[in-house]
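Participant: Below you will find the structure I want to go over with you.
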Ligand SMILES: [Zn+2]
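Residue numbers (the working numbering): 44 to 128.
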């Protein structure tokens, strides 16, 4: 959680996403961030609500989805997030 929580230790301003509209959190990156939409559709489509089409972080980080090799790790990896957490 280094990238998103570091400010708590260093007293730097809280980091914001590239769009500057929302605080940079893992939740934002995984289920909200528009700049990662294409990766989300590719790797996390199983984590979408069947009716709403909304992504649920509870699904992304649900027990069955944290199994080794699950796509959330590829999502985070290709998004460049993994090395910074
Ligand atoms: Zn964003």
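We treat Cβ as the ideally placed atom computed from N, Cα and C, and that holds for glycine.
Can you tell me which of the three DSSP states residue 106 falls into?
Facilitator: Here residue 106 is taken as the residue at index 63 of the chain shown, counted from 1. In the structure shown, residue 106 sits in a helix (DSSP, three-state: H, G or I).
Participant: What does the alpha-carbon distance come out to for the pair residue 97 and residue 121?
Facilitator: Within the chain shown, numbered from 1, the residue matching residue 97 stands at position 54. Within the chain shown, numbered from 1, the residue matching residue 121 stands at position 78. So the two alpha carbons sit approximately 21 Å from each other.
Participant: Give a yes or no on whether the C-beta atoms belonging to residue 118 and residue 82 are separated by under 8 Å.
Facilitator: The count along the chain shown starts at 1 and reaches residue 118 at position 75. The count along the chain shown starts at 1 and reaches residue 82 at position 39. Yes.
Participant: Is it buried or exposed for residue 68, if we count other Cβ within 10 angstroms and need 16 for buried?
Facilitator: In the chain shown, counting from the first residue as 1, residue 68 sits at position 25. With 16 or more other Cβ atoms within 10 Å, it is buried.
Participant: Please confirm whether any heavy atom of ligand 1 lies closer than 7 Å to the CB of residue 61.
Facilitator: Within the chain shown, residue 61 is the residue found at index 18, counting from 1. Yes, the Cβ of residue 61 comes within 7 Å of a heavy atom of ligand 1.
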